[in-house]
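In the UniProt record's numbering, the protein residues as written are 1 to 181.
Contents: one structure, followed by commentary.
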């Protein structure tokens, strides 16, 4: 009989994970965001990917030691969905310089701070087509409904602006309240 694997996952993310009182809860959010990054649900620029990857490496490996960490030592760790050599090189440089002397907890806190400021934080993006048939991603979080083209946020409808949501066949319609300034 094969061993059974249980995994804990986060479905609802706090608006600011750094305000959580329990360290174990922050750690679980960190683990989920790491998984989101690996599976391509936490969209970000290559520079942001490199910094997040460097935080993970600092947390898991500690400070850079040239005797231990030889060559492209990050390539041994699968951190990103589309992990390229260029991103690995940038992450190694950041790990060796900017994150030096950070404890695992400090590196994880830095990761949480950076990840929670991304547009796709707390969003599980779903592929949809817009009215012209172009591929976009739709996500919902604590702030509202968001649409993305690639990793770029194109629309953000805040919950106070959403008046009604309809489904008509395959169409998803959001009715908004427009406030005048």
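The beta carbon of each residue, even a glycine, is placed where N, CA and C say it ideally should be.
For the alpha helix (DSSP H) holding residue i, just list the boundary residues, first then last.
i: residue 28; result: 23-38
i: residue 171; result: Where residue 171 is concerned, there is no enclosing alpha helix (DSSP H), although the beta strand (DSSP E) it sits in stretches over 171-176.
i: residue 146; result: Note, residue 146: premise wrong, no alpha helix (DSSP H); beta strand (DSSP E) at 144-149.
i: residue 182; result: Residue numbering for the chain in the displayed model covers 1 to 181; residue 182 lies beyond these limits and cannot be assessed.
i: residue 110; result: 104-116
Cβ of residue i within 8 Å of Cβ of residue j?
i: residue 13; j: residue 120; result: no
i: residue 107; j: residue 58; result: yes
i: residue 38; j: residue 79; result: yes
i: residue 148; j: residue 52; result: no
i: residue 74; j: residue 46; result: no
i: residue 26; j: residue 33; result: no
i: residue 11; j: residue 64; result: no
Count the other CB atoms within 10 Å of the CB of residue i; is the residue buried (16 or more) or exposed (fewer)?
i: residue 16; result: exposed
i: residue 49; result: buried
i: residue 1; result: exposed
i: residue 167; result: exposed
i: residue 3; result: exposed
i: residue 171; result: exposed
Please name the residue in the options whose C-alpha comes closest to that of residue i.
i: residue 8; options: 28, 164, 85 and 54; result: 28
i: residue 35; options: 81, 172, 170 and 100; result: 81
i: residue 153; options: 123, 6 and 23; result: 123
i: residue 164; options: 22, 64, 77 and 174; result: 174
i: residue 118; options: 55, 100, 151 and 171; result: 151
i: residue 24; options: 128, 129 and 109; result: 109
i: residue 159; options: 170, 177 and 169; result: 177
i: residue 97; options: 62, 116, 84 and 83; result: 62
i: residue 41; options: 172, 138 and 105; result: 138
i: residue 102; options: 76, 54 and 116; result: 54
Would you kindly report the start and end of the unbroken beta strand (DSSP E) that includes residue i?
i: residue 139; result: 135-140
i: residue 156; result: 152-158
i: residue 46; result: Careful: residue 46 lies outside any beta strand (DSSP E), inside the alpha helix (DSSP H) at 46-61.
i: residue 163; result: 162-168
i: residue 127; result: 126-129
TODO: Count the C-beta pairs between the stretch 134-148 and the stretch 65-72 that are closer than 8 Å, then say yes if the count reaches three, no if not.
DONE: no
Task: the stretch 120-137 / the stretch 91-108 touching (three or more Cβ pairs under 8 Å) - done: no
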